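Notes follow once the structure below has been shown.
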Amino acid sequence: MKIIFLDIDGVLNSELWNKDNEMEISKGKFIDSEKVRLLSKIINETKAKIVLHSGWRFWFDGNIMPLRKEAEYIVEVFKNYDLNIYDKTPDLTTVEIRKSKKFSMVKAQEILLWLDQHDNIEKYVILDDLDLNNKGIEMFQIKTDGVRGLTKENVEEAIRMLNYYDI
């Protein structure tokens, strides 16, 4: 199985998109459908499954059912592109990390724990705009630019990594 560890903010939305879409954001619609279309290209060409490793995963229950309207909206947009969330990473955050919003401190450990719990993973990529502070998984990360979000170049790199590179 191939996996995309997906962050949302800075990947499926961006600072530029946020500036131009204040009305949508006020309605809980934080996702740029153009970025979801780009994500769908990766899925269609690699057959990878999405594992949410974003803070957004807290907006879904253990069965990946939405708990908030923002999560309902992402499910709705994903359905438009025949996408769904396969799973989410475990939560290793502490009260201090949640208060300071320094989730990048544990994201790498959460991904590694998820990988340890799943032995049928052929290849994976991580789409995130943050530095994950871990040299061991750095080579599997496609670091997006939070100002622009997911780009065609990021998509091409992810497809290459999932279809051609060995881990």
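Under numbering that gives the first Met the number 0, the sequence shown has 124 at position 125, and the numbering climbs by one with no breaks. Every residue, glycine too, gets a C-beta built ideally from N, C-alpha and C. None of the values given here were measured: they were computed from a predicted structure.
- Residue pairing by DSSP places TYR80 in no beta bridge whatsoever.
- For the set GLN116, PHE29, SER53, the Cα lying nearest the Cα of ILE125 is the one of SER53.
- In the three-state scheme derived from DSSP, where H, G and I count as helix and E and B as strand, LYS46 is classed as coil.
- For LEU149, the three-state secondary structure derived from DSSP is coil.
- GLN108: member of the alpha helix (DSSP H) spanning 103-115, first to last residue.
- Under DSSP, the beta-bridge partners assigned to ASP86 are VAL50.
- Here TRP58 has PRO65, LEU66, ARG67, GLU69, ALA70 as same chain residues with Cβ atoms under 8 angstroms from its own Cβ, once five neighbours each way along the sequence are excluded.
- Looking only at LYS106, VAL35, ASP118, ILE2, the smallest Cα-Cα distance to LYS46 is reached by ILE2.
- In the assembly as shown, TYR163 is an exposed residue. Its beta-carbon has fewer than 16 other beta-carbons within 10 Å.
- Annotation: the continuous beta strand (DSSP E) that includes LYS1 extends over 1-5.
- Secondary structure remark: continuous beta strand (DSSP E) runs of at least 3 residues inside the stretch 120-164, in chain order: 122-127, 140-142.
- Rounded to the nearest whole angstrom, the C-alpha separation of LEU129 and TYR123 is 17 angstroms.
- Boundaries of the alpha helix (DSSP H) around LYS98: 94-99.
- Distance from the Cα of ILE84 is smallest, within the candidate group GLU156, ASP31, GLY61, PHE29, for GLY61.
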